[in-house]
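Using my numbering, the letters of the sequence shown correspond one by one to residues 680 to 977.
Built from N, CA and C at the ideal position, the CB exists for glycine as well.
Since the model is a prediction, treat every value here as computed from it, not as a measurement.
Take a look at the structure below.
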Amino acid sequence: MIVLTEIKDVREHLRAERFAAAKEGRELQIGFVPTMGYLHEGHASLLRSARMDNDLVVLSIFVNPIQFGPNEDFDRYPRDSDKDMALAKREGVDIVFLPSVDEMYPQPTKTRILVSELTDHLCGATRPGHFDGVTTVVGKLLHIVAPHRAYFGQKDAQQVAVVTQMVIDLNMDVEIVPCPIVREEDGLALSSRNVYLTPEERQAALVLSRSLRQAEQMAREREGATVAHILQELVRTIESEPAASLDYAEIRSFPSLASLPGSMRAKEAEGKLLIAIAVKFGTTRLIDNVILTMEGEK
Ligand code: PAF
680 MIVLTEIKDV
690 REHLRAERFA
700 AAKEGRELQI
710 GFVPTMGYLH
720 EGHASLLRSA
730 RMDNDLVVLS
740 IFVNPIQFGP
750 NEDFDRYPRD
760 SDKDMALAKR
770 EGVDIVFLPS
780 VDEMYPQPTK
790 TRILVSELTD
800 HLCGATRPGH
810 FDGVTTVVGK
820 LLHIVAPHRA
830 YFGQKDAQQV
840 AVVTQMVIDL
850 NMDVEIVPCP
860 IVREEDGLAL
870 SSRNVYLTPE
880 ERQAALVLSR
890 SLRQAEQMAR
900 EREGATVAHI
910 LQELVRTIES
920 EPAASLDYAE
930 IRSFPSLASL
940 PGSMRAKEAE
950 GKLLIAIAVK
960 FGTTRLIDNV
970 ILTMEGEK
């Protein structure tokens with residue numbers, strides 16, 4: 680595994696690897712996993728998928744300042760380079776790209792990639808500008824690495840939808856591969872931000888997966904359950920946890936993120952339904968979701 684901090688070195692190294700493969704008559708398949716570090720088993724599962732599908736795996740670790748709002752946790756975002764390197768090595772990463780902020784943004788960036796509509800609601804509503812920062816940095820990273828496939832966790836379902844739309848709209852030659860949410864045994868979705876939780880908040884945060892499980896069961900099994908009815912129950916369960924402060928709970932179609940009429944029976948929905956929540960526990964904001972494939976029963 681090699682660790683590179685400069686864009687030109689990543690490009691040069693990948694050019695040499697592609698050239699060597701081409702000389703043997705094959706096209707080098709490159710898998711890319713962009714992260715902000717503080718890696719956990721969720722990231723490990725992305726790396727494993729990338730390892731299985733590709734000849735060479737590139738991992739980037741970069742806490743991207745432009746996707747954090749002024750009152751968000753950029754400065755205190757957890758960082759642990761040694762632990763990250765050990766996990767990357769264990770998962771068979773070939774190249775770790777570890778740029779500094781100056782390397783990625785040598786001057787204040789005047790160019791942004793903005794995906795409209797999909798970024799107006801859910802996390803986009805409470806974190807204005809967040810997705811512009813995400814698409815801008817992901818766009819830059821995809822230009823630098825030029826992978827065949829890039830892997831993203833479904834926990835950030837809106838991010839998956841937004842990045843996929845960007846790739847389609849800008850004709851980027853990369854496949855966006857969404858990977859399932861990885862959970863602790865008790866149901867808590869893995870997140871680098873879980874480290875902020877006190878033991879009491881950690882316990883309270885189980886309401887996320889519990890409320891989503893109930894919502895999923897209602898959507899699948901209760902004949903007449905409407906979107907409004909499921910949302911009502913979802914909110915009620917979250918609000919029954921005193922340490923939880925609800926940011927949003929929404930049901931939308933996925934990946935269009937189009938809103939659905941409250942009167943629609945969940946079973947009537949066709950394609951994928953996203954049930955997404957964002958909840959604060961103390962100062963820590965966590966998100967979670969479930970994506971259901973519905974049959975469009977009449
Ligand atoms: O999901 C993340 O960790 C970040 O949003 C990403 C995709 C690495 C961009 O900074």
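According to DSSP, residues forming a beta bridge with residue i
i, result
"E854", "R828"
"I905", "First, the amino acid is wrong: residue 905 is Thr here, not Ile. Paired residue(s): R944."
"M973", "G950"
"Y927", "A957"
"F933", "K951"
"A868", "R862"
Under 8 angstroms between C-beta atoms of residue i and residue j
i, j, result
"M680", "A765", "no"
"T714", "L693", "no"
"I855", "V861", "no"
"R758", "V742", "yes"
"G803", "H809", "yes"
"G721", "L869", "yes"
"E929", "A955", "yes"
"T798", "I745", "no"
"F776", "A883", "no"
"P826", "V794", "no"
"P857", "Q833", "yes"
"D732", "R828", "yes"
beta-carbon residue i near ligand 1 non-hydrogen atom, thresh 7 angstroms
i, result
"P749", "no"
"T714", "yes"
"V813", "yes"
"N873", "no"
"N743", "yes"
"Q882", "no"
"Q838", "yes"
"V780", "no"
"Q746", "yes"
"D835", "yes"
"V816", "yes"
Beta-carbon separation (whole angstroms), residue i vs residue j, contact threshold 8 angstroms
i, j, result
"D835", "L887", "Actually they do not touch by this definition, with Cβ atoms about 14 angstroms apart."
"V824", "I709", "7 angstroms"
"E912", "V969", "That belief does not hold up - the Cβ atoms of E912 and V969 are roughly 14 angstroms apart, past 8 angstroms."
"L633", "R931", "This structure gives no information on residue 633, because the portion of the chain shown stretches from 680 to 977."
"T963", "E879", "Contact doesn't hold; Cβ gap of about 12 angstroms is too wide."
"S890", "I917", "5 angstroms"
Interface flag, residue i vs chain D, CB-CB below 8 angstroms
i, result
"V861", "Among the chains of the structure shown, chain D does not appear; only one protein chain is present."
- Query: What are the uninterrupted segments assigned as beta strand (DSSP E) that are 3 or more residues long and contained completely in the segment 689-773, given in chain order?
  - Reply: For the segment 689-773, the full-length beta strand (DSSP E) segments reaching 3 residues or more read 709-714, 735-740 along the chain.
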